[in-house]
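Since the structure comes first, as structure tokens, the remarks are kept for the end.
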Amino acid sequence: MPGPLIVTASVTIPEAELSWRFSRSSGPGGQGVNTTDSRAELTFDVAATTALPPALKARALTRLAPRLVDGAITIAASEYRSQLRNREAAEMRLAQLLREAIAPPPRKRRATKPSRGAVEHRLATKKHRSTLKRLRRLDD
647 MPGPLIVTAS
657 VTIPEAELSW
667 RFSRSSGPGG
677 QGVNTTDSRA
687 ELTFDVAATT
697 ALPPALKARA
707 LTRLAPRLVD
717 GAITIAASEY
727 RSQLRNREAA
737 EMRLAQLLRE
747 AIAPPPRKRR
757 ATKPSRGAVE
767 HRLATKKHRS
777 TLKRLRRLDD
């Protein structure tokens, strides 16, 4: 549980760059909700991190921009009754979010046009449907 957060095989966030905060959860737990600090908030400062190479850091800052507050991202987890499980859930969510943020952009789509056979088939099908509907209309 404690230790660095492994994002990918080549990217690991040191524990020192992760900040935790705990508070009372509004989720399940009955009367225990009122007494235990089971909600976990994990904060990671993307702008100040040294764990990401400059190119990946710039990509992450661009993609996570709407969720960042002063360059930091906060993940809150309160779906479990146990603080430990909420901590694990927050870590998993942060790792997944960072994996998606630093992933290389998808390849550009190369525009193609339909083959002549495909165009002819589409037009023949349309003509057939049109004929069917016209015949139905004349019978009324």
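Quick note, the sequence shown lines up with residues 647 to 786 if you use this note's numbering.
Cβ atoms here follow ideal geometry from the backbone N, Cα and C, with glycine treated the same way.
In this text, all values refer to a predicted model and were calculated from it rather than measured experimentally.
Suppose contacts are defined by Cβ-Cβ distances below 8 Å. Is residue i in contact with residue j by that definition?
i	j	result
Val692	Ile719	yes
Ala697	Trp666	no
Gly717	Ala694	yes
Leu740	Phe690	yes
Ser724	Ser672	yes
Ile590	Leu702	Examination of residue 590 is not possible in this model, given that the chain is present from 647 through 786 alone.
Leu744	Ala706	yes
Just to check my reading of the structure: residue i and residue j have Cβ atoms closer than 8 Å, yes? What is that Cβ distance to the nearest angstrom?
i	j	result
Leu688	Glu737	7 Å
Determine which residues share a DSSP beta bridge with residue i and list them.
i	result
Thr720	Thr689
Ser669	Arg685
Val715	Ala718
Does DSSP classify residue i as helix, strand or coil?
i	result
Val653	coil
Arg755	coil
Thr821	Outside the shown range of the chain, which is 647 to 786, sits residue 821, and nothing can be said about it.
Arg733	helix
Ser776	helix
Leu743	helix
Leu664	strand
Arg783	helix
Ala694	coil
Ala749	coil
Glu725	coil
Pro760	coil
Leu710	coil
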